[in-house]
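At position 75 of the sequence shown the residue is numbered 203 (this note's numbering), and the sequence of numbers has no breaks.
Note that CB positions come from ideal geometry on N, CA and C, so glycine has one too.
What follows is a set of notes on a single structure, which appears directly below.
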Amino acid sequence: MSAPKKLFVKTYGCQMNVYDSERMAEALGSEGYVATDTPDDADMILLNTCHIREKAAEKVYSELGRLKPLKSAKPDLKIGVAGCVAQAEGEEITRRQPAVDFVVGPQAYHRLPDLVAKTKTGAKPVETEFPEEDKFEHLPARPGGTLARRAPAAFLTVQEGCDKFCAFCVVPYTRGAEVSRPVEQVLNEAGNLVARGVREITLLGQNVNAYHGIGPDGEVWSLAQLIWALDKIEGLARIRFTTSHPNDMSDDLIDAHGSCAKLMPYLHLPVQSGNDRILKAMNRKHTGEAYIKLIARIRAARPDILLSGDFIVGFPGETEEEFQDTLKLVEAVGYGQGYSFKYSARPGTPAAERAEVADDVASERLYRLQALLGQQQKAAQDAMVGREVSVLFERAGRQTGQWVGKSEYLHAVHVTSDEIQPGDLRRVRITGSGTNSLAGTLM
Ligand code: 5AD
Ligand code: SF4
């Protein structure tokens, strides 16, 4: 048998790409590729790319430029571009960077083995169709219990694409229409992950709370129904989901936050802006007030829930007063975690046609918003000191005897103890709060 070929995958962007990279590596595993963590000795380099903001997309071309000399030194090296830049730019990529051997969109990566075969004849295949067939049905099944143990926390994509068409966002174009995986497919995959040592699963989707998969009863199931089915898997201790749209926070999902013990008290619920004119221009289809009322209902179900959000500053036409409404909304909600971005025009989206806010104005707004979110984040973290939390330990820390895990609120927690193993779920008393993590002791 020939020596295994080495595959280096570099992942950009969101958690869905992290999941896709794993699945692509598994698909290529069936073709004899094994993972390596450096591009230098790789036989294939796969960049799994992100197109959400201009900077993210540009990174891909600079990385490809850096990889070019590797290809000149090793002509057999295959370089592939996957993910959302692949979807959005297609053949433009091979035109701009001839070192690229193949391009594959996020809906077509089950065809990777075919594509790789084609490159052997010197072709440069570009596969960005949204195929009829379900890629998940065509990927090799995820290995079950007999295989290597894996890290205790895993991602599982249950829904892809988006039908919301927010005016700034490329996702409906790069990932296509909303599609949910059937319930049984999800439960089987979750069962396999748990058999391999996984104790926490984060359900992923661009619009995950709009999940509407076909259940074993032939009916359409909601995300809450799916969560309750996962709740029954013995050995699975924690369930999370991300990312959600406010308009799809259904009653049963809010209730689950109050009644499902395995569903963690953390919710990422992007609002983007606190101003109603901007929300309308963004095509968000909700007001600031509706969002604040929704948060109140979620908090009534689960008072200790930690909230996280996404915000865009400098959306076309945003005035100083309108921006201040975003600051007011942030004050009113109180976030434990916040992700804020300067608006970036994306080709093909409706907002890209509109006049932009001056860059220095947008930068200054971003600075103010990040200062406020930073304060809230620090306050939420500091408030954990003295409290008892549960921690799922994931890996060894930098210091000897130190272990790092995540609390139910997704805070990183460091504990020094010789009793801990990865995958342990332990009660921990929080004793200190640092820059980006908490310290604690086992109870
Ligand atoms: N410009 C800036 N931020 C954007 N996001 C999505 N599209 C853009 C854009 N064109 C942000 C939104 C979204 C997050 C994933 O990225 O806040 O929730
Ligand atoms: Fe993009 Fe999210 Fe809006 Fe869908 S809901 S268009 S993914 S920002």
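Collapsing the DSSP output to three states places residue 206 in a strand. Between residue 361 and residue 325, the C-beta spacing is not below 8 Å.
Taken from the Cβ of residue 300, at least one heavy atom of ligand 2 lies inside 7 Å. The Cβ atoms of residue 311 and residue 342 sit closer than 8 Å to each other. As the crow flies, the alpha-carbon of residue 393 is around 39 Å from that of residue 189. Each of 180, 181, 296, 297, 398, 400, 438, 440, 469, 471, 472, 474 has a C-beta closer than 6 Å to some heavy atom of ligand 1; these make up the full list, in chain order.
Relative to the non-hydrogen atoms of ligand 2, the Cβ of residue 136 never comes closer than 7 Å to any of them. According to DSSP, residue 421 shares a beta bridge with no other residue.
Residue range 530-535 is occupied by the beta strand (DSSP E) that includes residue 530. Comparing C-alpha distances from residue 262 to each of 332, 249, 307 shows the shortest one belongs to 307.
Only residues of its own chain outside the window of five on either side were considered, and among them 380, 381, 384 have a CB closer than 6 Å to the CB of residue 352, listed in chain order. For residue 555, the enclosing beta strand (DSSP E) has its first and last residue at 553-561. In this chain, the beta strand (DSSP E) harbouring residue 438 covers 434-441.
Non-local C-beta neighbours of residue 228 in its own chain, meaning closer than 6 Å and more than five positions away in sequence, comprise 207, 209, 221, 222, ordered along the chain. In the three-state reduction of the DSSP assignment, residue 298 falls in the coil class.
In terms of CA proximity to residue 259, 233 leads the group 233, 451, 526. Under the DSSP assignment, residue 387 falls in the alpha helix (DSSP H) whose first and last residues are 379-387. With respect to the 8 Å criterion, residue 390 and residue 429 are not classified as neighbours on the basis of their beta carbons. Shown here for residue 555: same chain residues with a beta carbon closer than 7 Å to its own, the five before and five after excluded, namely 516, 518, 571 in chain order.
The Cβ-Cβ distance between residue 435 and residue 463 falls below 8 Å.
The Cβ atoms of residue 249 and residue 283 do not sit closer than 8 Å to each other. Non-local beta-carbon contacts of residue 411 in its own chain, meaning distances under 8 Å to residues more than five positions away in sequence, involve 292, 293, 294, 295, 478 in chain order. Using a 10 angstroms sphere on the CB of residue 160, the tally of other CB atoms stays under 16, which defines it as exposed.
By the Cβ neighbour-count rule, residue 303 is buried, with 16 or more other Cβ atoms within 10 Å of its own. Unbroken alpha helix (DSSP H) stretches of 4 residues or longer found wholly inside the segment 311-376: 311-323, 351-359, given in chain order.
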